[in-house]
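FYI, the numbering for the sequence shown is 0 to 303, going by numbering that gives the first Met the number 0.
This report refers to the structure that appears directly beneath it.
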Amino acid sequence: MPELPEVETIANGVDQRVRGRTILSLWLGSKPEPFRSTPAELAHALTGSAIERVHRVGKHIVVDLTRDPIAARRRSTAAPTKSQPWRGQWLVHLGMTGRLLVCQADEPTPKHTHAILQLDDTREIRFVDSRRFGRLSVLDLSAEVAPNTGKRKSGASSRDEGFLGPGQEPLDISFDAFCALFRGRRTPIKSALLNQKLLHGVGNIYADESLFRAGIRPRRQAGRLTAKELECLHSAIQSVLREAIALGGSSVSDYVDASGQKGFFQLEHKVYLRTGEPCLVCQTPVRRILVAGRGTHFCPHCQH
Numbered sequence: 000m001p002e003l004p005e006v007e008t009i010a011n012g013v014d015q016r017v018r019g020r021t022i023l024s025l026w027l028g029s030k031p032e033p034f035r036s037t038p039a040e041l042a043h044a045l046t047g048s049a050i051e052r053v054h055r056v057g058k059h060i061v062v063d064l065t066r067d068p069i070a071a072r073r074r075s076t077a078a079p080t081k082s083q084p085w086r087g088q089w090l091v092h093l094g095m096t097g098r099l100l101v102c103q104a105d106e107p108t109p110k111h112t113h114a115i116l117q118l119d120d121t122r123e124i125r126f127v128d129s130r131r132f133g134r135l136s137v138l139d140l141s142a143e144v145a146p147n148t149g150k151r152k153s154g155a156s157s158r159d160e161g162f163l164g165p166g167q168e169p170l171d172i173s174f175d176a177f178c179a180l181f182r183g184r185r186t187p188i189k190s191a192l193l194n195q196k197l198l199h200g201v202g203n204i205y206a207d208e209s210l211f212r213a214g215i216r217p218r219r220q221a222g223r224l225t226a227k228e229l230e231c232l233h234s235a236i237q238s239v240l241r242e243a244i245a246l247g248g249s250s251v252s253d254y255v256d257a258s259g260q261k262g263f264f265q266l267e268h269k270v271y272l273r274t275g276e277p278c279l280v281c282q283t284p285v286r287r288i289l290v291a292g293r294g295t296h297f298c299p300h301c302q303h
């Protein structure tokens, strides 16, 4: 599954290619699994909207959308004021094998394409996902409160903030806030790192690589790590993620960026998928175990 560096790379690539473009039309495939919003909701939000920005929140790609007030009033039953444009967001979760590609319209359409957004410059944004674990949805930021409920719509905390994701942002979290996430937790630290309600964006690859750099065994109880160990882990997570982003992510399976290119951080992996190979620091064979059902790689000598 694409993790934070891969999603960041894709989001940045799509943003560079399509920011400022207008979506002219939307085609959706017949498979229902990728759509968390209905086809009508997707078409309503996307068609005719301009792309303000594409960015990452956790493991989601978030496309900020806007539409001029006149067009918005034509399409919405709860139109914004005359001076305020309609605002919304398109949320893309890549799942296990999802791809978000920016292509020329005459390029062959890949198998397992589930959505095509036609842009005003003849290019297309295509969502491709062979296993159909990815998800597409939209948020209406001009309707802050869901009708008839008085409750705020899921994922949007305010018109200004939009989708915030399920947990804390690993690249921005302070050390004190990081420590607070694990205080009193009896679960293995590897499991805690994979809990998206704590830190969103960290997955199997970068949990293993960060724990190796911090010298911490993956089965250590999260709540029993010392302040020094947590400081090392906090630093390791942020440095690993930033290095992976700089190298375009890790291509160990289906991952490619917005132009179809693979990343290079897999060449820097110290333990992930290196079972039985010598540790690059001490030459001890790398071990693989299961933690919470996930394959987990570590060095039994360097990690304590």
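Where a beta carbon is used, it is the ideal one built from N, C-alpha and C, also for glycine.
In the three-state reduction of the DSSP assignment, R223 falls in the helix class. R134 carries a strand assignment under DSSP once its states are collapsed to helix, strand and coil.
In the structure shown, the three-state DSSP call for C278 is coil. In the displayed model, T283 falls within coil according to three-state DSSP, outside both helix and strand. Judged by DSSP in its simplified three-state form, T186 adopts coil rather than helix or strand. T21 is positioned such that its CB atom lies no closer than 8 Å to that of L116. Ranking G166, A176, C278 by CA distance to the CA of E208 puts C278 first. Distance between S29 and H111, taken at the CA atoms: about 10 Å. Beta-bridge analysis with DSSP links L100 to R125. Considered as a whole, the stretch 2-29 harbours 3-17 as its complete alpha helix (DSSP H) runs of no fewer than 4 residues, in chain order.
Ranking G292, I215, L45, L210 by CA distance to the CA of V91 puts L45 first. F34 is bridged by DSSP to L135.
Contact annotation: Q88 and L27 have beta-carbon atoms that are not nearer than 8 Å. The alpha-carbon of V280 is positioned some 23 Å away from that of V290.
Of L272, H303, W85, the smallest CA-CA separation from H296 is found for L272.
In the structure shown, I172 falls within a coil segment according to DSSP collapsed to helix, strand and coil. The beta carbons of V101 and V17 sit closer together than 8 Å. Here L41 is actually not in contact with E51; their C-beta atoms are around 18 Å apart, not less than 8 Å.
Distance from the CA atom of V62 to the CA atom of P284, rounded to whole angstroms, is 44 Å.
Using a C-beta cut-off of 8 Å, the stretch 213-220 makes no contact with the stretch 252-260, since fewer than three inter-stretch Cβ pairs fall below that distance. Scanning its chain for C-beta atoms nearer than 6 Å, with the 5 sequence neighbours on each side dropped, one finds around R86 the residues T65, L140, S141, in chain order.
When DSSP reads this structure, Q195 sits in no beta bridge, so it has no partner. Annotation: the continuous alpha helix (DSSP H) that includes D207 extends over 203-213. When C-alpha distances from L3 are compared across L210, K58, E267, the shortest belongs to K58. For the set N11, S173, P299, the Cα lying nearest the Cα of G275 is the one of P299. Listed as beta-bridge partners of G294 by DSSP are L289.
For D256, there is no enclosing beta strand (DSSP E), as DSSP marks it with neither H nor E. Shown here, H268 sits in coil according to DSSP, grouped into three states, outside any helix or strand.
The beta carbons of P169 and L198 sit closer together than 8 Å. Distance from T96 to I244 at the Cβ level is roughly 21 Å; contact not present, criterion being Cβ atoms closer than 8 Å.
In the DSSP assignment, L116 falls within the beta strand (DSSP E) that extends over 112-118.
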